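Notes to accompany the following structure.
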Amino acid sequence: MKRVFNFIGGDFHPPCAGRYLPDVDPATGEEIAEIADSDAKDVDAAVAAAARAFPSWRATPAEERSRLLLRIADLVEENFDELALLESQDSGKPVALARRLDVPRAIRNFRFFATAILHAETKCHSMDGAALNYTLRQPVGVAGLISPWNLPLYLLTWKIAPAIAAGNCCVAKPSELTPLTANRLAELAREAEIPAGVVNIVQGRGPAAGRALTSHPDVPLISFTGGTKTGADVMAAAGPLFKKVSLELGGKNPNVVFADADLDAAVATSISSSFANQGEICLCGSRIFVERAIYDEFLDRFVDRTKKLRVGDPRDPATEVGALISEAHFRKVAGYVDLAKEEGGEILCGGKRPADLPDRLRGGWFLEPTVVAGLDCSGRVMQEEIFGPVVTVTPFDSDDQAVAFANGSRYGLSASVWTRDLARAHRVAAAIDCGTVWVNTWLLRDLRVPFGGMKESGIGREGGFDSLDFFTEAKNVCVKL
Ligand code: TXE
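One point on numbering: in the working numbering, the residue at position 40 of the sequence shown is 446, and numbering is uninterrupted.
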């Protein structure tokens with residue numbers, strides 16, 4: 407059985423306590439590797455290696471840091487097929503999606519920040535000839551980076567790239583459910599000749615390795631993406647140590663379809679925004695609101711398309727919906743289907759394990775894409791993040807009601823609005839309380855824009871110069887003239 411070690415100080419090391427966790431392929435239920443079940447000792451070693459590497463890395467010219475990041479991007483690209491397959495096997499996502507979304511985005515993350523640091527500027531404030539203030543942007547030190555299992559390499563590199571581009575060294579803890587692409591990335595970082603200790607990867611569970619990182623006194627910055635409950639724990643550990651913290655948490659995103667929308671486009675994209683990556687994307691639009699005049703037509707077409715989605719072997723390039731990440735997560739998501747019935751909802755399609763799976767996938771965690779109608783907006787199914795292939799559809803009667811429904815959530819990550827009325831699009835976009843509003847599209851991402859959530863979807867913004875600001879400290883120097 408393959409063993410996944412920690413990557414510390416440029417080398418692979420077994421966990422200090424010698425304990426391992428099983429890594430399971432969620433499409434088959436088979437164990438595919440054992441990963442280091444790291445604890446505070448491993449994290450201490452990784453933080454020490456990062457701290458040792460920091461003085462020389464922060465002094466490395468931006469052009470050289472940029473060259474090294476571009477080298478990793480090239481290596482990720484050269485190993486594209488292998489990484490896509492590993493990601494699919496580890497997470498259950500269709501390999502076609504890993505090829506279309508995850509791996510290309512990992513490459514873009516490195517290229518984007520490698521070149522962004524060549525264009526960074528800082529401010530200068532002149533005091534009428536009496537003094538000159540200028541702002542230095544300096545790296546923070548050892549960055550703690552904690553990432554989830556739904557977009558493993560995509561989100562890990564979204565953190566590592568800006569962190570090290572800005573001159574920090576990092577200790578990254580990938581999700582214990584999806585360690586494989588992070589491990590391969592460590593090998594590629596070594597091949598790219600990133601200096602030892604600049605990138606360290608500690609594998610293991612959140613409450614052990616993750617908590618050791620968020621409460622480590624020598625880690626002044628934490629970037630976390632994951633569940634809202636875990637985010638509260640990260641904040642509680644980091645708060646007393648006054649760390650810089652960025653939290654990208656859950657969502658229960660509204661997808662609002664007005665009667666004047668391009669219905670073909672709205673239906674097609676709503677299928678993706680509901681079920682892409684089995685609905686396991688924080689940006690998925692899990693609450694669909696449709697203006698009553700087109701509610702029946704939208705629903706007919708949407709349910710019809712949902713039933714045609716190909717659920718099955720993630721390795722088959724034609725598969726559109728793969729397996730959920732784990733048995734525990736499958737039970738959670740399936741539990742919400744039961745709850746939807748108890749809350750008076752009508753299951754219009756899906757809600758079961760697919761009946762016709764091949765033998766190889768019998769132990770996998772598959773759920774048919776599920777559409778639920780007739781629920782009350784205040785019930786648990788419409789309030790709690792399900793994070794699976796389950797969407798609700800609800801009619802509305804006015805712009806004000808659509809906005810009230812959209813905002814009737816503890817979360818505030820993203821929203822989609824479908825309309826051909828430009829004035830309405832701007833009005834509704836401004837009125838929805840969330841970090842990103844897409845008009846007539848979904849998941850169209852420009853890496854320069856601020857990205858993050860309001861309310862229980864997190865704090866802070868990453869993306870573009872917001873990321874470089876987060877991963878640096880601003881220092882004002884005042885020179886008397
Ligand atoms: O994620 P966790 P879980 C949501 C989604 C899902 C729920 C729970 O609703 O059903 O969260 O998922 C590490 N200190 N999202 O429990 O635990 C953990 O090891 C430090 C939304 O699987 O939040 C992993 O590396 N770290 C989401 C990372 O946190 C800790 C993506 C995320 O895992 C820790 C995933 C601790 N105490 C789930 N406990 C999104 N925003 O995209 C865990 N971790």
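Note that CB positions come from ideal geometry on N, CA and C, so glycine has one too.
As the structure is a prediction and not an experimental result, all values here were calculated from the model.
Could you compute how far the alpha carbon of D706 sits from the alpha carbon of V673?
Each residue's Cα considered, the two are about 10 Å apart.
Here's a check: name, in chain order, each residue in its chain whose Cβ is nearer than 6 Å to the Cβ of G751, leaving out the five neighbours to either side.
Same-chain partners within the cutoff: V778, G780, L781.
I'd like to confirm something about D639: is its beta-carbon nearer than 6 Å to some heavy atom of ligand 1, or not?
For ligand 1, a non-hydrogen atom lies closer than 6 Å to the CB of D639.
Checking 7 Å against the spacing of the C-beta atoms, do K579 and L627 come in under that value?
Not closer than 7 Å, so no.
Closer than 6 Å to a non-hydrogen atom of ligand 2 - does that hold for the CB of F793?
For the structure depicted, ligand 2 is absent and the ligand set comprises only ligand 1.
Any heavy atom of ligand 1 closer than 6 Å to the beta-carbon of T776?
Outside the cutoff, so no.
Which residues share a DSSP beta bridge with Y426?
Beta-bridge partners of Y426 (DSSP): A442.
Residues bridged to C576 [DSSP beta-bridge criterion]
BP columns for C576 point to A549, V605.
For V625, the three-state DSSP class (helix, strand or coil):
Here V625 sits in coil by DSSP.
In chain order, what residues of the same chain have a beta carbon less than 8 Å from the beta carbon of Q544, not counting five sequence neighbours either side?
R464, G573, T878, E879, K881.
Assign N412 to buried or exposed, taking buried as 16 or more other Cβ atoms, counted over all protein chains shown, within 10 Å of its Cβ.
Flag for N412 reads buried.
By how many angstroms is the C-alpha of R698 removed from the C-alpha of R590?
So the alpha carbons of these two residues sit roughly 50 Å apart.
Take V709 as the anchor and find which of P856, P775, V605 has the nearest alpha-carbon.
The shortest C-alpha separation from V709 is found at P775.
Selected residue, minimal CA-CA separation from L653, among G645, P660, N659:
Looking at the Cα atoms, G645 is the closest of the given residues.
With a threshold of 8 Å, are at least 3 pairs of Cβ atoms found where one atom belongs to the segment 682-694 and the other to the segment 538-557?
Yes: the two stretches touch, three or more of their Cβ pairs being nearer than 8 Å.
Whole-angstrom distance between F857 and I478, CA atom to CA atom:
Rounded to the nearest angstrom, the gap between the Cα atoms of I478 and F857 is 24 Å.
Going by the beta-carbon positions, is the gap between T587 and L489 smaller than 7 Å?
Yes, the pair counts as a contact, with Cβ atoms nearer than the cut-off.
Taking the CB atoms as reference points, tell me whether V625 and V453 lie closer together than 7 Å.
Note that the C-beta distance between V625 and V453 is below 7 Å.
In its own chain, which residues sit with a C-beta less than 7 Å from the C-beta of L853, not counting the 5 before and 5 after it?
Cβ neighbours of L853 beyond the five flanking positions: R514, F518, G869, G870.
The beta strand (DSSP E) that contains T466, what's its start and end?
Here T466 belongs to no beta strand (DSSP E), and DSSP marks it neither H nor E.
Could you tell me the alpha carbon to alpha carbon distance between H832 and F460, rounded to whole angstroms?
Going by the C-alpha atoms only, they are around 45 Å apart.
If you draw a straight line from the alpha carbon of F802 to that of A502, how long is it in whole angstroms?
Going by the C-alpha atoms only, they are around 35 Å apart.
Who does E493 pair with in a DSSP beta bridge?
Looking at the DSSP output, E493 shares a beta bridge with no other residue.
Given G633 as reference, the closest of A504, K658, A537, L647 once Cα atoms are compared
Selected option, being the one with the closest Cα: K658.
State the start and end residues of the unbroken beta strand (DSSP E) segment that holds R830.
Per DSSP, R830 belongs to no beta strand (DSSP E); it is in the alpha helix (DSSP H), 828-837.
Alpha carbon to alpha carbon, how far is T541 from R768? Give it in angstroms, no decimals.
About 59 Å.
Beta-bridge partners of L538, as assigned by DSSP:
Bridge partners of L538: S532, V885.
Tell me C690's beta-bridge partners as DSSP assigns them.
BP columns for C690 are empty, so no partner.
Based on DSSP bridge pairs, tell me the residues matched to A779.
Residue pairing from DSSP places A779 in a beta bridge opposite E752, V799.
Within 7 Å, strictly: CB atoms of A439 and G498
In this structure, G498 does not lie closer than 7 Å to A439 by Cβ.
Heavy atom of ligand 1 within 6 Å of I552 beta-carbon:
With a threshold of 6 Å, the Cβ atom of I552 counts as near ligand 1, since some heavy atom of the ligand is closer than that.
Please identify the residue among L551, T712, V605 whose C-alpha is closest to the C-alpha of G637.
The option with the nearest alpha carbon to G637 is L551.
Since Y817 sits in a beta bridge, which residues does DSSP pair it with?
Looking at the DSSP output, Y817 bridges to K861.
Rounded straight-line distance, which links the Cα of G757 to that of P720:
Distance from the CA of P720 to the CA of G757, rounded to the nearest whole angstrom, comes to 19 Å.
Tell me the residue span of the alpha helix (DSSP H) that contains N515.
DSSP places N515 in the uninterrupted alpha helix (DSSP H) bounded by 509-522.
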